[in-house]
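Participant: Quick one: the structure is below, questions incoming.
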DNA sequence: CGGAAACTTGATCGAATTCAAATAAGGTGG
DNA sequence: CCACCTTATTTGAATTCGATCAAGTTTCCG
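Chains as they are written, first to last, in my numbering: chain A, 21 to 245; chain B, 21 to 245.
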């Protein structure tokens, strides 16, 4: 079996597919909760998620944590590693994880010979930047209800684009602690908001999956236009 | 006179200098407060600030505004325009402005023949991403005092790197409304925080310039480590 | 089954917002 | 250069959204 077959076959706007030009490679694995990368340590390549979820975050000296993004299968873990030799963020596995690494050098030389790969990579970087800009706006100017509704909708859209959602249901491995750290809230308040969403018939979270029960209303609550 | 001479001669980690390889070009100008670019309208090139300040922002349908970055002389206005044909943010002149545009095509072909330019551009994009990640953390996990202290320190550092600060003093064309929209606060609360900083002997804002009176203490208040 | 982690719920607190009004600063035409 | 008008800033009082504190309760694993 050729690797990264999963990476290659993934579709969707953010899916990273190299085509068959790269050599076979073995994948790496990590268990749920494991720290994949610690901020400011050296990296020599770019990782792509093959299976499972991860997230990037910044931790302050006093323990405050901000989650910057959730990484799904097909996502590039650290786009900036192509240029930088260390990352400014840490990365942790949210579920059991399978991912593979592309060395800086092979990727850069590939991009020189294959303009398509360059364009694709550039596009991923731009999307990442645009999503981060949106997150800044969420945290700076939106209410708790809006932030959480938008997080749910964004995850649903990203999973849907990869064919990883069944209608209105999709896998949801996040703990409320993760939602809190991604939205700049406390776990207690996240619990209250999720509870109110549940009572209002907007969403339902059972086990490790989430079902949207009233998409229109959830969109309305998110105040997105 | 060759243009963009100002762009070319600017130093500092974020200063964008093309070298003498690009043809002369005339610059464009805008008055303070003028909207340079409206989100989602087409763009055909990348702008670089030659003189004056600008800022990028996202505006919600109901008037809430989030400022994403302040742009100083030498800064690239819209790095993503190299790849995208429209921006997801708007750009407004903070002071009277002079800037020049590089077409997508000339820039891309230049990057192909001059790897140095590519590296420099990539580096600017990465710095931009890293600063935005920091901003997310500021808005999600830091207090009002910390956010404002960090904004002042960041501007001082950026201006210092360009030789645009005289010791502890530097030009400061922001209104409190801009500080508020950049830090996710209200103008009223910004006034209170700035007032307390002033009373504590940390900073002083007179006319259009800011002086840091107690750098160590301002750093301590910012809780940066 | 048992123990730990995650979630829920209530009560209280607090940082920042909102509302309101006064004062200061800035810009413009006469 | 001044008078006037608009926009900023300051300050106080009341309010609110979300945080914190403190138990319960449920869920999840081993």
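Even for Gly, the Cβ is constructed at its ideal location relative to N, Cα and C.
All values reported here derive from a predicted model rather than from experimental measurement.
Spell out whether any CB of chain B is found under 7 angstroms from the CB atom of residue 224 (chain A).
Facilitator: no
Participant: Based on the DSSP output, what are the partners of residue 219 (chain B) in its beta bridges?
Facilitator: Answer is none; residue 219 (chain B) lacks a bridge partner.
Participant: Residue 204 (chain A) CB to nearest chain B CB: under 7 angstroms?
Facilitator: yes
Participant: Report the start-end ranges of each alpha helix (DSSP H) in the segment 109-176 of chain A that is 4 residues or longer and not cut off at the edges.
Facilitator: Complete alpha helix (DSSP H) runs here, min 4: 124-133 and 135-161.
Participant: What residues match up with residue 67 (chain B) in a beta bridge as DSSP calls it?
Facilitator: B:121
Participant: Since residue 238 (chain A) contacts residue 223 (chain A) with CB under 8 angstroms, what's their CB separation in whole angstroms?
Facilitator: With a Cβ gap of about 7 angstroms, residue 238 (chain A) and residue 223 (chain A) count as contacting.
Participant: Any beta-carbon of chain B closer than 7 angstroms to the one on residue 149 (chain A)?
Facilitator: yes
Participant: Provide the residue span of the beta strand (DSSP E) that contains residue 76 (chain A), from first to last.
Facilitator: 74-79
Participant: Tell whether a beta-carbon distance below 7 angstroms holds between residue 170 (chain B) and residue 193 (chain B).
Facilitator: no
Participant: May I ask you to list the residues that DSSP assigns as paired with residue 191 (chain A)?
Facilitator: A:229
Participant: Between which two residues does the alpha helix (DSSP H) containing residue 235 (chain B) stretch?
Facilitator: 235-242 is the span of the alpha helix (DSSP H), which, as asked, contains residue 235 (chain B).
Participant: In this structure, does DSSP put residue 208 (chain A) in helix, strand or coil?
Facilitator: Three-state DSSP puts residue 208 (chain A) in a helix.
Participant: Shorter than 7 angstroms from the beta carbon of residue 86 (chain B) to some beta carbon of chain A?
Facilitator: yes
Participant: Note the first and the last residue of the continuous alpha helix (DSSP H) segment covering residue 200 (chain A).
Facilitator: It spans 196-203 - the alpha helix (DSSP H) in which residue 200 (chain A) sits, taken as one unbroken run.
Participant: DSSP puts residue 98 (chain A) in a beta bridge; with which residues?
Facilitator: DSSP lists no partner for residue 98 (chain A).
Participant: Using 7 angstroms as the threshold, is the C-beta distance between residue 145 (chain B) and residue 68 (chain B) below it?
Facilitator: no
Participant: Is DSSP giving residue 181 (chain A) helix, strand or coil here?
Facilitator: helix
Participant: Do residue 111 (chain B) and residue 56 (chain B) have their CB atoms nearer than 7 angstroms?
Facilitator: The Cβ-Cβ distance between residue 111 (chain B) and residue 56 (chain B) falls below 7 angstroms.
Participant: What are the residues that DSSP puts in a beta bridge with residue 50 (chain B)?
Facilitator: B:117
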